[in-house]
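Input: a single structure, listed below in structure tokens.
Protein chains: 4
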Amino acid sequence: MSGSSIGQIFKVTTWGESHGEALGCIIEGVPSNISINENYIQTFLDRRKPGQSKFTTQRKEDDKVKILSGVFDGKTTGTPISLIIFNKDQKSKDYDEIKDKFRPGHADYTYQMKYGIRDYRGGGRASARETAMRVAAGAIATKILGEKIKIKGALIQLGKEKINECNWDWKEVNKNDFFCPDKTCVKVWEDYLLKIRKEGSSVGAIIQITASGVPVGLGEPVFSKIDALLAKGIMSIPAVKGVEIGNGFKSAELRGEENADEIRYKNKKLFFETNNAGGTLGGISSGQDIIVKFAVKPTSSILRERKTVNLKNQNTSIITKGRHDPCVGIRAVPVGEAMVAIILADLFLLNQNNKN
Amino acid sequence: MSGSSIGQIFKVTTWGESHGEALGCIIEGVPSNISINENYIQTFLDRRKPGQSKFTTQRKEDDKVKILSGVFDGKTTGTPISLIIFNKDQKSKDYDEIKDKFRPGHADYTYQMKYGIRDYRGGGRASARETAMRVAAGAIATKILGEKIKIKGALIQLGKEKINECNWDWKEVNKNDFFCPDKTCVKVWEDYLLKIRKEGSSVGAIIQITASGVPVGLGEPVFSKIDALLAKGIMSIPAVKGVEIGNGFKSAELRGEENADEIRYKNKKLFFETNNAGGTLGGISSGQDIIVKFAVKPTSSILRERKTVNLKNQNTSIITKGRHDPCVGIRAVPVGEAMVAIILADLFLLNQNNKN
Amino acid sequence: MSGSSIGQIFKVTTWGESHGEALGCIIEGVPSNISINENYIQTFLDRRKPGQSKFTTQRKEDDKVKILSGVFDGKTTGTPISLIIFNKDQKSKDYDEIKDKFRPGHADYTYQMKYGIRDYRGGGRASARETAMRVAAGAIATKILGEKIKIKGALIQLGKEKINECNWDWKEVNKNDFFCPDKTCVKVWEDYLLKIRKEGSSVGAIIQITASGVPVGLGEPVFSKIDALLAKGIMSIPAVKGVEIGNGFKSAELRGEENADEIRYKNKKLFFETNNAGGTLGGISSGQDIIVKFAVKPTSSILRERKTVNLKNQNTSIITKGRHDPCVGIRAVPVGEAMVAIILADLFLLNQNNKN
Amino acid sequence: MSGSSIGQIFKVTTWGESHGEALGCIIEGVPSNISINENYIQTFLDRRKPGQSKFTTQRKEDDKVKILSGVFDGKTTGTPISLIIFNKDQKSKDYDEIKDKFRPGHADYTYQMKYGIRDYRGGGRASARETAMRVAAGAIATKILGEKIKIKGALIQLGKEKINECNWDWKEVNKNDFFCPDKTCVKVWEDYLLKIRKEGSSVGAIIQITASGVPVGLGEPVFSKIDALLAKGIMSIPAVKGVEIGNGFKSAELRGEENADEIRYKNKKLFFETNNAGGTLGGISSGQDIIVKFAVKPTSSILRERKTVNLKNQNTSIITKGRHDPCVGIRAVPVGEAMVAIILADLFLLNQNNKN
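Keeping their order, the protein sequence lines are chains A, B, C and D. Residue numbers for the first sequence follow the working numbering, so the first one is 1170 and each next one is one higher. Residue numbers for the second sequence follow the working numbering, so the first one is 1170 and each next one is one higher. Residue numbers for the third sequence follow the working numbering, so the first one is 1170 and each next one is one higher. Residue numbers for the fourth sequence follow the working numbering, so the first one is 1170 and each next one is one higher.
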């Protein structure tokens, strides 16, 4: 099945299990003569890498990426780019206990039922470790989009703690362990999350991704609207439970005259007076910022005892030891950026054909 | 581009403009020997049909569907099913005024920029009239899913007015003009929406779709998770701005032990004690009810004057006369049901191949 | 299943049965602002139309095509183009006898076994009547390719009678009933085929399609080589049993130095001294003429008694009355041209993305 | 672009350049719980491996395949299978001379024009070395097809030397260096090909692949006929210039009553009296042997001087030194088997959905 592929022209296919030998992806449809090297991709991967602060999993993976094909003398050749990351710090024995039990909130039960077999080590294919390859592919997508299109993500809610949008400062995002754009939240969030962690628990989060500089015209009518493809891409990230474009759910409460963005022309430029739409009209980018928000559920692997069932259909309970993120939403920020880049790059290339 | 197609095995491709001669679709991948006739499909279309109450557009379309291929002696033959609805009540002159102006909140500007040409009559391809064919395809999808899988939709919020979930009664849904499951809301909503309409305005809405009886195992890992495909399908409906699965955005605030559904075994059956996940784990259906919510923005075509720009880049204003829904979210209920049916039917057929 | 679709960007999906109400297709991916009307498409259809000479079936179909969507004010809008031809001269009763018998050489048995049901009237979906829509789609593909690319077909062998390649004159092709480029063959072929027909029999044929003016660079490496996609497109035409590119099977006998086309540069142009390759190197067009040949088997519907089996597994025999082509290869000429146009248009649009 | 992928359910995506670090592929859609290990795949690869006799290239590659994902405890898990072969004996300096020249009969010119860059080392992506991954994927396809379906290939013509079909003995095929089924040819072919090789030249070949035990019903109507997909798969093999199903080009000369296979019923079995069709009717397998023939052109890399042009558009000449097969058609036998297996496995899985 093509569950492991995304995109029509810019096509990413990932493979690999959390505790297998390696993870990788093939990226097809990259135009030729683009400069790409391993260091460039690595800077993207390093933002997502585990073990970087006390707020993420302590698994130590350097996530060193290697380019195996499609790049020659530092330039893309137009042929498929194969990327690989070898796994290093697999502690598979951590998972022996869960071999026969279904962890609540995890894919153990559904994989077992669908396939009749599962690689239980670290969640196998269902592990969030799979997202490393999304980030690597996102790095290449970013190159295709060029310098004018900027994709930036931020954590805007951690558990019950929300940022104050008035304090938003993109420059803060890379200065703290949360990708938080509101400086005033950082200390509060640190205390909050350490407490959650100490209690062996976890919380969810809300992330916003903003893509600016996107040209008018990306997205295809009806089923491949830019909104629809972004929703698919974002909702495919592990643990994501909701996606919004622009005003999102809030738009339900608004009236037509409050919501539809008025249009003006000034200084030889057409512009919109507001951006309630989040940068898309009729499924096609309008030239405004694309604004996507998404909700990540709390990590299901926690140190608290939970009721469950084993492979023999016996009632039992489980405490998931391993090494886990108290808020998997933090590392979802670079993953969300990557997914937006992947979707936009594909629509960008698809749109070449509308120019006749 | 394949923006007009959805699905991998059960594949729906729609065509047609709001004020063109006809609308239609081709449905590929329908197994043979399924009983289907025009009356059956018509019952689905009639739920979405315009002009049925004072709360929807007054355009009079009987939306009579015709089967042109793929069905022989009342049974599917396994070949593509072609469906058509001829348009009748096109008042294209209503649209003469908007020929040269971009309606705020509509696709006029983005289509014009993307294609350099647009069928401005009634929104052309971007019109919500396109959703008639989604409903027709959904009827066929429903047949494939069989009697055990039930897909039902309801309006749970109209503008600022929410239902009380405690009053939920599925039987009420078809007894009022709103697909509202809370009897106590109906009168309030009537008054509210008539007032909105009288003011020449509109409001948004929130819809919930529940699919029960879905077997464990639908959905493909990574990019074609059931959540991702539902999000794509739902977000592709015109005017939709947000999608949630299960707890959705609320899950951001929860802790791991509050959110992950515990598992038990009793009376020879495995079951979950709660359904925060909305029926999916790791992107694969768990056998619980699939619960999807989505937000519809307020209709952008309103009788209030709005600032905009014309094709000559002059500042101007517009009042969209035509015949419009004061809350397009109402008729989005059967459309949402149809999209869920279409996505599930495709995943259902795809899943046949995992059984070896 | 997507058996009824072809193409990745320029995507054609056909539907309809030989004796159903209508035949049609949806064409996606057509760039906007291309001038297209029904008369233009009709000129292509008229070349394939049945009942035009005593050498083709006597079924009378005017094959009038109607555009239902995607064209506005005579120009394409970038949205799906829906085409339809209503059937007129269906004599379904002709087929009553074959309802329960499998015609040798036809798809009756395989459809029955695959689907457990079949529309037996005129071969249903398996009828060569389906190719009308390929020709209509080919007309639109031709527009996309533009005036510089010319696609022309000719019948080069009728049964055992071959043309003399030295007499090849493209101007002759449209002056006889066979699309024959060798004037000296026409009378011979007439006598030959009338005799075959009088005997209630049929013969096969070989067709050559030449595409000139094709730019360098069409085709994608490995599995979507231009050769591979042409082979697929041509072999999908009913009754085709073989496809060759350039020297084809003859190349097996040659030595490397005889076969590989040498390259020269003169008058500011790179050129090849020969065209054994048929216009493709490594699966990518080289700028030379694309040369495709294909073999069509003799019509299986003949007036001679043939042994077969009925639905009750009884041995019996059959004479296929109906109205049939004594050489279905003749009308395969415009169908072959159409398929080459469809494949090239798709590769042409796909190739836009290699230009960065 | 998806040129590097083939298949709809059973989907193979290959990557890698001839002289890059490694070659690999991802195989999606493999049902779970199938036993697969590296040794099993290796037996297939070893049949294609270079350097095994004096009639193939002397490049020494052990082509050791490694499974990186999708297999757990010796069984497939339903997730993507990633295979890799590291290159060892790359003598890239052999190719320094051709860096700036276009080898006649090769893809050098077309890749350079399409992409503006090319990995010239050993033909890069266009090298026949790419077919190693087709063979590996074919091994897995063979597992899916099961023991009842047997796919066997043979070389039936080497240059001008044809086998005598009366001497056909499948057991001979693996006893000589040519996959030749006619024992009487072997000595003749050895002398013939050694002479060709000594002269620094090469010849083409014709290969037949037979698939027996294929169930009725594989193939999808219209564009995805089994014939069409086989033609695409086979024609995508480097150097292939022609494909035939059943009688192929010979069928052009036959009459309807000679060509259409008569049907009989005996001993509770329906059967055909002949197999002119090559196992397919209306694009759907009939249960008879599938018979595919294809022509391979002579290797273009020869030790004879050939006229060509360099990157500066200067007329020059070239002798391709490197290490080359005097008849690349020999190693095309296992590659042809693999492609037939890949196509059939995909159609086999697709056909699950027609069973309702």
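Cβ coordinates follow ideal geometry from the N, Cα and C atoms, glycine included.
Legend entry - Positions along the segment 1237 to 1255 of chain C whose CB lies within less than 8 Å of some CB in chain A: For the segment 1237 to 1255 of chain C, which is checked against every Cβ of chain A, the residues closer than 8 Å are Gly-1247, Thr-1248.
Legend entry - Meets three-Cβ-pair contact criterion under 8 Å: the segment 1387 to 1402 of chain C and the segment 1442 to 1452 of chain C: Result yes; three or more Cβ-Cβ pairs closer than 8 Å.
Inset, instruction - Could you name the residues of chain B that Pro-1390(D) contacts, counting a contact when the two beta carbons are closer than 7 Å? - result: Those are Thr-1248, listed as they occur along chain B.
Inset, instruction - Below 9 Å between beta carbons is the criterion; list the residues of the segment 1419 to 1433 of chain B that meet it against any residue of chain A, in chain order. - result: Within the segment 1419 to 1433 of chain B, the qualifying residues are Lys-1419, Ser-1420, Ala-1421, Glu-1422, Leu-1423, Arg-1424, Gly-1425, Glu-1426, Glu-1427, Asn-1428, Ala-1429, Asp-1430, Glu-1431, Ile-1432, Arg-1433.
Legend entry - Exposure of Lys-1462(C), with buried meaning 16 or more beta-carbon neighbours within 10 Å: Flag for Lys-1462(C) reads buried.
Legend entry - Residues near Glu-1207(D) by beta carbon distance below 7 Å, same chain, minus five either side: Correct list, in chain order: Val-1234, Lys-1235, Ile-1236.
Inset, instruction - Report the three-state DSSP secondary structure of Lys-1352(B) (helix, strand or coil). - result: Three-state result, Lys-1352(B): helix.
Legend entry - Exposure label - Trp-1358(A); buried when at least 16 CB within 10 Å: The residue is buried, with at least 16 neighbouring Cβ atoms inside 10 Å.
Legend entry - Euclidean distance between Cα positions of Gly-1328(A) and Ile-1512(B): Ile-1512(B) has its alpha-carbon roughly 31 Å from the corresponding atom of Gly-1328(A).
Legend entry - Cβ of Ile-1471(B) within 8 Å of any chain A Cβ: Closer than 8 Å to some Cβ of chain A, the Cβ of Ile-1471(B) qualifies, so yes.
Legend entry - Bridge-paired residues (DSSP) for Thr-1245(C): Residue pairing by DSSP places Thr-1245(C) opposite Val-1240(C) in a beta bridge.
Inset, instruction - Check whether the segment 1171 to 1184 of chain A touches the segment 1400 to 1408 of chain B, taking contact to mean three or more Cβ pairs, one atom from each stretch, closer than 8 Å. - result: The segment 1171 to 1184 of chain A makes no contact with the segment 1400 to 1408 of chain B; the number of CB pairs closer than 8 Å stays below 3.
Legend entry - Those runs of the alpha helix (DSSP H) which lie wholly inside the segment 1203 to 1228 of chain C and span at least 4 residues: For the alpha helix (DSSP H) assignment, the uninterrupted runs of no fewer than 4 residues enclosed by the segment 1203 to 1228 of chain C are, from N- to C-terminal side, 1207 to 1217.
Legend entry - Opposing strand residues paired with Ser-1486(D) [DSSP bridges]: Note: Ser-1486(D) is bridge-paired with Lys-1476(D) in the DSSP secondary-structure output.
Inset, instruction - Could you name the residues that DSSP lists as bridge partners for Ile-1320(A)? - result: Its beta-bridge partners are Ala-1380(A).
Inset, instruction - State the Cα-Cα distance for the pair Met-1170(D) and Arg-1500(C), rounded to the nearest angstrom. - result: Reliability fails at Met-1170(D), whose pLDDT of 46 lies under 50, so the model's placement of it is uncertain and the value that follows must be treated cautiously. In a straight line, the C-alpha of Met-1170(D) is about 34 Å away from that of Arg-1500(C).
Inset, instruction - Please list the segments of the beta strand (DSSP E) lying wholly inside the segment 1384 to 1452 of chain B, counting only runs of 3 or more residues, in order along the chain. - result: Segments of the beta strand (DSSP E) lying fully in the segment 1384 to 1452 of chain B: 1409 to 1414, 1432 to 1435, 1438 to 1441.
Inset, instruction - Give, in chain order, every residue of the segment 1318 to 1340 of chain D whose Cβ lies closer than 8 Å to some Cβ of chain C. - result: Against chain C - using a Cβ distance shorter than 8 Å - the residues of the segment 1318 to 1340 of chain D are Gln-1326, Gly-1328, Lys-1329.
Legend entry - Partner residues on chain B for Asn-1436(C), Cβ-Cβ distance less than 7 Å: Using a Cβ-Cβ cut-off of 7 Å, Asn-1436(C) is close to nothing in chain B; its nearest Cβ partner there is about 38 Å away.
Legend entry - Within chain D, the residues that Ile-1286(A) reaches when beta carbons sit closer than 9 Å: What Ile-1286(A) touches in chain D: Ser-1201, Asn-1202, Phe-1241, Asp-1242, Lys-1244, Thr-1245, Thr-1246, Gly-1247.
Inset, instruction - Mind listing the chain A neighbours of Lys-1180(D)? Cutoff is C-beta to C-beta under 7 Å, in chain order. - result: Here the neighbours are Ser-1171.
Legend entry - Start and end residues, alpha helix (DSSP H) containing Lys-1312(D): Annotation: the continuous alpha helix (DSSP H) that includes Lys-1312(D) extends over 1300 to 1314.
Legend entry - Contact the segment 1437 to 1449 of chain C vs the segment 1466 to 1474 of chain C: 3+ CB pairs below 8 Å: No contact exists between the segment 1437 to 1449 of chain C and the segment 1466 to 1474 of chain C.
Inset, instruction - Please report how far the alpha carbon of Tyr-1280(A) lies from the alpha carbon of Glu-1299(A), in whole angstroms. - result: Roughly 16 Å separates the two Cα atoms.
Legend entry - Endpoints, beta strand (DSSP E) assigned at Gly-1193(B): Gly-1193(B) -> beta strand (DSSP E) spans 1191 to 1197.
Inset, instruction - For Lys-1283(C), go through chain B and note every residue whose CB falls closer than 9 Å to its CB, in chain order. - result: What Lys-1283(C) touches in chain B: Ser-1201, Gly-1247.
Inset, instruction - Pick helix, strand or coil for Phe-1271(C), following the three-state DSSP scheme. - result: The three-state secondary structure of Phe-1271(C), taken from DSSP, is coil.
Inset, instruction - Check whether the Cβ of Ile-1127(D) lies closer than 8 Å to any Cβ atom in chain C. - result: Given that chain D is displayed from residue 1170 to residue 1525, the structure contains no residue 1127(D) and the question cannot be resolved.
Inset, instruction - Check Phe-1529(B) in the structure and name its three-state DSSP category. - result: An answer regarding residue 1529(B) cannot be provided, because it is not within the stretch 1170 to 1525 covered by chain B.
Legend entry - the segment 1317 to 1327 of chain C in contact with the segment 1374 to 1385 of chain C per 3-pair CB rule at 8 Å: Yes, the segment 1317 to 1327 of chain C is in contact with the segment 1374 to 1385 of chain C.
Legend entry - Where Val-1372(C) falls: helix, strand or coil (DSSP): If DSSP states are grouped into helix, strand and coil, Val-1372(C) belongs with the strands.
Legend entry - Beta-carbon contacts of Trp-1339(B) that lie in its chain and below 7 Å, excluding the five residues immediately before and after: Correct list, in chain order: Lys-1321, Pro-1350.
Legend entry - Own chain partners of Gly-1417(A) with C-beta closer than 7 Å, once the 5 adjacent residues on each side are dropped: Closer than 7 Å at Cβ, skipping near neighbours: Lys-1462.
Legend entry - Residue from Leu-1387(B), Leu-1214(B), Leu-1423(B) with nearest C-alpha to Leu-1448(B): Note that residue 1448(B) is Gly in the sequence shown, not Leu. If we check each option's Cα against that of Gly-1448(B), Leu-1387(B) comes out closest.
Legend entry - Cβ of Gly-1291(B) within 8 Å of any chain A Cβ: For Gly-1291(B), the answer is no, since every Cβ of chain A falls outside 8 Å of its Cβ.
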